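Worksheet: one structure, shown below.
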Amino acid sequence: MKALQYEGAKELRFIEIPIPEPKEDEVRIKVKAVAICGSDLNGYKGVNSLRVAPLIMGHEFSGEIDCCGEKVKKLKKGVRVTVNPTLYCGECENCIKANYNLCDKKTVPGTSVGKVNVPGAMAEYICVREKNVIPLLDSITFEEAAMLEPMGVSLHGVKRAGNLKNQKVAVIGAGPIGLMAIQCICNFQAEEIVCMDLIDRRLQASLECGAGRAINLKADALPEEKFDVVFDCVGNEKTITQAAQIVRNDGKIIVIGMAASEIHFPIKKFVANEFKMYGSYQYLDEMKEAMELLANKKIDVKKMITSVLPLEKAEDAFESLCSPETKEIKIVLKP
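So in UniProt numbering the end of the sequence shown lands on 335, straight run, no missing numbers.
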């Protein structure tokens, strides 16, 4: 089969490899759609330690079951599916507490999480264990299904904030995760949603996704008003500092983005203002919840899919996303 292999910074190559055979508890999926994640893009740039070459990337995907291992009981050939790519161990303390996203031994297809390279979905076929497979509702397209993984990330982060009813909410970062977070927040009865970014076209997209106001932080000052909850969907020193400046005393900051591995932190403000700060990582059952929201037209991921391209155009897609002038938000590839 044909697969796209990451071989180092700005280096992608198509390779021919054998079609994988599923283990007894796995299904083989014919990949129909795979989205490019921001973490894949950072891998392509050579700035993501969780993308170690050589690697077949791609963890946001959907497809159709092609065959099943002998111990697979609930799935069968022809079923349309997506996949929760967190391959948790099921045995560590976090897994026992059902915090599978925090598993100490997890691996993730298309990444080097756990210091193990697991082949991803930028290929014609992929094998995944049955328990991680999510059958699709009939109304969900393959392209939409490839967006359920990042939507699960956003929904999990929004739920980490608790009750948002009648709350003033700020979202810093209008990339895919931020835009999907805005759509999720709209389902939790927030009083107001204000989005902040540096790029006007993304701020316009935030308004289309449900934000009431959009502020360009390159052109305008940080607002003096305070917010009950601030979602940082970037996760670098500047945005976390900005979040600390606009959150009210005793408010909440939810950090979903991970643009920086380490930062200097405004500890005096954190202590003196008693705001709470939560990290949010991956998801639990939020991919399934997101699919229900999508099926019930409570969210719309189509407006964020700006291009659908054949896998053969992957290098063009990555280069386009790297450009500061890009108009792309999310690109879906079709193997």
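C-beta: ideal position from N, C-alpha, C; glycine also. Treat the numbers as computed from the prediction; the structure is a model and nothing was measured.
Q | Nearest to L222 (by Cα), restricted to the options C195, A205, G212 and V234 | A | For the purposes of this step, residue 222 is identified with residue 222 of the sequence shown, where counting begins at 1. Looking at the Cα atoms, C195 is the closest of the given residues.
**Q.** Which of helix, strand or coil DSSP assigns to D248
**A.** What you label residue 248 is simply residue 248 of the sequence shown in a count that begins at 1. Note that residue 248 is Arg in the sequence shown, not Asp. In this structure, DSSP gives R248 an extended state, which the three-state scheme calls strand.
Q) Does the Cβ-Cβ distance between E143 and P85 come in under 8 Å? A) The sequence position of residue 143 within the sequence shown is 143, counting from 1. The sequence position of residue 85 within the sequence shown is 85, counting from 1. No, the pair does not count as a contact, with Cβ atoms beyond the cut-off.
Q: Could you tell me the boundaries of the alpha helix (DSSP H) in which L41 lies?
A: Your numbering for residue 41 matches position 41 in the sequence shown. Counting along the chain, L41 sits inside the alpha helix (DSSP H) bounded by residues G38 to K45.
Q. Counting only runs that start and end within the stretch 55-119, where is the beta strand (DSSP E) found for 3 or more residues in a row?
A. List check, beta strand (DSSP E) in window: 60-68 and 80-83.
Q. What did DSSP end up calling N273 once you bin it into helix, strand or coil?
A. Counted from its first residue, the sequence shown places residue 273 at position 273. Reduced to three states, the DSSP call for N273 is helix.
Q.
Quick test of your reading: G210 and I193, contact by CB under 8 Å. State the CB separation rounded to the nearest angstrom.
A. Here residue 210 refers to the residue found at position 210 when the sequence shown is read from its first residue. Here residue 193 refers to the residue found at position 193 when the sequence shown is read from its first residue. So it is a contact: roughly 6 Å between Cβ atoms.
Q: Measure the beta-carbon distance from L155 to C184 and round it to whole angstroms, keeping in mind my assumption that it falls under 8 Å.
A: Stepping through the sequence shown from its first residue, residue 155 is reached at position 155. Stepping through the sequence shown from its first residue, residue 184 is reached at position 184. Between L155 and C184 a beta carbon distance of about 5 Å is seen, short of the 8 Å cut, so the two are scored as contacting.
Q: Can you have a look at N249 and say buried or exposed, based on whether 16 or more other CB atoms are within 10 angstroms of its CB?
A: Locating residue 249 in the sequence shown gives position 249, counting from the first residue. Counting C-beta atoms within 10 angstroms of its own C-beta, N249 has fewer than 16 neighbours from the protein chains shown and is therefore classed as exposed.
**Q.** For V229 and V153, believed in contact at Cβ under 8 Å, the rounded distance
**A.** Against the sequence shown, residue 153 aligns to sequence position 153. Against the sequence shown, residue 229 aligns to sequence position 229. Contact flag wrong, Cβ pair sits at about 17 Å.
Q) How would you call G157, buried or exposed, if buried means at least 16 neighbouring beta carbons within 10 angstroms? A) One-based indexing of the sequence shown puts residue 157 at position 157. A buried status is given to G157, since no fewer than 16 other beta-carbon atoms sit within 10 Å of its beta-carbon.
Q. Where DSSP assigns a beta bridge to G307, which residues make up the other side?
A. Translated into the one-based positions of the sequence shown, residue 307 becomes position 307. Here residue 307 turns out to be Ser, not Gly, going by the sequence shown. Answer is I331, bridged to S307.
Q) Which value, in whole angstroms, describes the spacing of the CA atoms of L87 and Q282? A) Residue numbering aside, residue 87 sits at position 87 when the sequence shown is read from its first letter. Residue numbering aside, residue 282 sits at position 282 when the sequence shown is read from its first letter. Their backbone Cα atoms lie some 12 Å apart in a straight line.
Q) Whose C-alpha, out of C127, V171 and V116, is nearest the C-alpha of E24? A) Locating residue 24 in the sequence shown gives position 24, counting from the first residue. Considering only alpha carbons, the answer is C127.
**Q.** Rounded separation between C89 and K76 - CA only
**A.** Residue numbering aside, residue 89 sits at position 89 when the sequence shown is read from its first letter. Residue numbering aside, residue 76 sits at position 76 when the sequence shown is read from its first letter. Each residue's alpha carbon lies about 24 Å from the other.
Q) Quick one: is H264 buried, meaning 16 or more other Cβ sit within 10 Å of its Cβ, or exposed? A) Against the sequence shown, residue 264 aligns to sequence position 264. Around the beta-carbon of H264, fewer than 16 other beta-carbon atoms lie within 10 Å, marking it exposed.
Q: Figure out for me which residue from A190, S139 and M151 has the closest Cα to the Cα of N163.
A: Taking the first residue of the sequence shown as 1, we reach residue 163 at position 163. Of the listed residues, the one whose Cα sits closest to N163 is A190.
Q: Please report how far the alpha carbon of L12 lies from the alpha carbon of H59, in whole angstroms.
A: As a position in the sequence shown, residue 12 is number 12, starting the count at 1. As a position in the sequence shown, residue 59 is number 59, starting the count at 1. When rounded, the separation of the alpha-carbon atoms in L12 and H59 is 17 Å.
Q. Is DSSP giving I240 helix, strand or coil here?
A. Within the sequence shown, residue 240 is the residue found at index 240, counting from 1. In this structure, I240 counts as helix in the three-state DSSP scheme.
Q. Which whole-angstrom value describes the C-beta separation of A123 and A219, a residue pair presumed to lie in contact below a C-beta threshold of 8 Å?
A. For the purposes of this step, residue 123 is taken as residue 123 along the sequence shown, with counting starting at 1. For the purposes of this step, residue 219 is taken as residue 219 along the sequence shown, with counting starting at 1. About 43 Å separates the beta carbon of A123 from that of A219, a gap too long to meet the 8 Å contact definition.
Q.
By DSSP's criteria, P22 is part of a beta bridge. Which residues make up the other side?
A. Working through the sequence shown from its first residue, we reach residue 22 at position 22. For P22, which the question treats as bridged, DSSP gives no partner whatsoever.
Q. What is the DSSP secondary structure of N216, counted as helix, strand or coil?
A. The residue you call residue 216 lines up with position 216 of the sequence shown. Here N216 sits in strand by DSSP.
(Q) Alpha carbons only, please: which of M1, G38, L50 and E225 is nearest the one belonging to V31? (A) As a working mapping, residue 31 is identified with position 31 in the sequence shown. Nearest option by C-alpha distance: M1.
Q: Pull up the distance between the alpha-carbon of K97 and that of L284, whole angstroms please.
A: Within the sequence shown, the letter at position 97 stands for residue 97. Within the sequence shown, the letter at position 284 stands for residue 284. Spanning the two alpha carbons is a distance of roughly 12 Å.
Q.
Quick check on C322: buried or exposed, where buried means 16 or more other Cβ atoms within 10 Å of its Cβ?
A. On the sequence shown, position 322 is the one that residue 322 refers to. Here C322 is exposed. Its C-beta has fewer than 16 other C-beta atoms within 10 Å.
Q: Report the option in E26, V308, S62 and V271 whose CA atom is closest to the CA atom of F129.
A: Here residue 129 refers to the residue found at position 129 of the sequence shown. It should be noted that the sequence gives Arg, not Phe, for residue 129. Closest in alpha carbon position to R129, among E26, V308, S62 and V271, is E26.
Q) Where DSSP assigns a beta bridge to Q204, which residues make up the other side? A) For the purposes of this step, residue 204 is taken as the residue at position 204 of the sequence shown. In the DSSP assignment, Q204 is bridged to no other residue.
(Q) Relative to the C-alpha of A314, which candidate in E325, D300, K106 and I331 has its C-alpha closest? (A) Stepping through the sequence shown from its first residue, residue 314 is reached at position 314. Among E325, D300, K106 and I331, the Cα nearest to that of A314 belongs to I331.
Q. Can you list, in chain order, the residues of its chain whose CB lies under 6 Å from that of P54, leaving out five sequence neighbours each side?
A. By one-based count along the sequence shown, residue 54 stands at place 54. These residues qualify, in order along the chain: Q5 and E7.
Q. If you drop the 5 nearest sequence neighbours on each side, which residues of the same chain put their C-beta closer than 7 Å to that of L308?
A. Working through the sequence shown from its first residue, we reach residue 308 at position 308. The identity of residue 308 in the sequence shown is Val, whereas the question assumes Leu. E143, V332 and K334.
(Q) What would DSSP say about Q183, mapped onto helix, strand or coil? (A) Within the sequence shown, the letter at position 183 stands for residue 183. The answer is helix: DSSP assigns Q183 an H, G or I state.
Q | Option nearest A174 by Cα separation, candidates R160, V72, C92 and L203 | A | Translated into positions along the sequence shown, residue 174 becomes position 174. Distances from the CA of A174 to each of R160, V72, C92 and L203 were compared; the closest alpha carbon is that of L203.
Q | E325, buried or exposed, once every other Cβ within 10 Å from all chains shown has been counted against 16 | A | Sequence index remark: in the sequence shown, residue 325 carries index 325 (1-based). With fewer than 16 other Cβ atoms within 10 Å, it is exposed.
Q: Please report the residue range of the alpha helix (DSSP H) in which M287 lies.
A: Counted from its first residue, the sequence shown places residue 287 at position 287. Counting along the chain, M287 sits inside the alpha helix (DSSP H) bounded by residues E286 to A295.
Q | Reference R201; option with closest CA among P176, E225 and E224 | A | Mapped onto the sequence shown, residue 201 falls at position 201. For R201, the closest of P176, E225 and E224 by C-alpha to C-alpha distance is P176.
Q. Grouping DSSP H, G and I as helix and E and B as strand, with all else coil, what is C322?
A. As a first step, residue 322 is located in the sequence shown; it is residue number 322 there, counting from the start. The answer is helix: DSSP assigns C322 an H, G or I state.
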